[in-house]
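Counting in my numbering, the sequence shown runs from 66 upward without gaps.
Beta carbons are placed, not taken as given, at the ideal position from N, Cα and C, and that holds for glycine.
Below is one structure, written out as structure tokens; the observations come after it.
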Amino acid sequence: MPDLRTQSLTNLNVCVLIFAATAVCFAAKQFSMPHAEPAANYPAHDAHPAEHVTVAVDPYDMDDKAKIFSVRYTDIGFMPVFFVITNDGDQPVQLSDMKAQLVTVGRAKLSPAIEDDIERRLARPTAKTRPSPLPIPSRNKVKGAVSMQTREEIQNSMFSARAVEPHSSQAGFLFFDVAGISAPLAGAHFYLTGVRDSKDNELMYFEVPLEKYLSAPVK
């Protein structure tokens, strides 16, 4: 006859192992923002030495990079682009009026998608969305279409900084709707306008050719 105490301990150990494995799997799915290096360290960047500001973009178009997300956004037509802006000056830089745009080789002008655009696509993968310039929100809310975890991932990953303090960087993801566009990065250019200095003067626009990213040596 089996020892009941031994049997109970065995069952307890199995439960602990199952709980631990579940916790590890759950934790592995939580989004964690990539560490942002100074913008000048990325192949695709544009530096304005006189203004002490550099911007960079790092597309997450490959599976080994995109695995930080729980959702394969490229499968539903969105290209996640890690955006970094570095302020090497002694005064803060304002981003509240900034406007980002990806212009493809075919001259399609793409503004970053907002949260509702992505959630709507997740709910209806064949539906088309109309990206809106930052930071204007959409009034058409999508409720109950995606999990809370996915919604939080989208919210936490999106670039949301309103300023860059002196000698620091801000980073986050911009999602571009590239559905139906073949090789959207080839020949494309990223533009950034509306960045202002501490005296409210607008800086010269930034332009980053995506070929800098595509032609960079693979690390």
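- Is it the case that the Cβ atoms of G154 and P231 are separated by a distance below 8 Å? yes
- Item | alpha helix (DSSP H) segment containing I183, residue limits | E180 to A188
- Task: Can you check DSSP and say which residues form a bridge with D123?
- Result: F147
- Item | Beta-carbon proximity list for E180, same chain, < 6 Å, skipping 5 on both sides | I219
- Message: Between L167 and chain C, is the shortest Cβ-Cβ distance under 8 Å, so that the two count as touching?
- Response: This model lacks chain C altogether, as it is built from one protein chain only.
- Could you check what DSSP says for S197 in three-state terms: helix, strand or coil? Interpretation of S197 is limited by its pLDDT of 46, a score under 50 that renders its predicted location unreliable; the figure taken from the coordinates is listed afterwards. It is coil, neither helix nor strand.
- Nearest-angstrom Cα distance between K284 and K130? 12 Å
- Message: With a threshold of 8 Å on Cβ separation, who are the neighbours of E116 within its own chain once the five nearest residues in sequence on each side are excluded?
- Response: G154, D262, L268 and M269
- Message: So, does the region 128-142 touch the region 163-170, judging by three or more C-beta pairs under 8 Å?
- Response: no
- Task: Quick one: using the 10 Å Cβ neighbour count with 16 as the cut-off for buried, is A281 buried or exposed?
- Result: exposed
- From the DSSP output, read off the bridge partner residues of M223. F238
- Name the two residues that bound the continuous beta strand (DSSP E) containing A281. From DSSP, A281 is part of no beta strand (DSSP E); its letter is neither H nor E.
- Message: By the three-class DSSP mapping on this structure, what secondary structure does Y256 have?
- Response: strand
- Message: DSSP three-state label for R56, please.
- Response: With the chain running from 66 to 284 in the structure shown, residue 56 is simply not present.
- Which residues share a DSSP beta bridge with F96? In DSSP, F96 forms no bridge with anything.
- Is DSSP giving R172 helix, strand or coil here? coil
- Where Q156 and S233 are concerned, what is the direct C-alpha to C-alpha distance, given to the nearest angstrom? 11 Å
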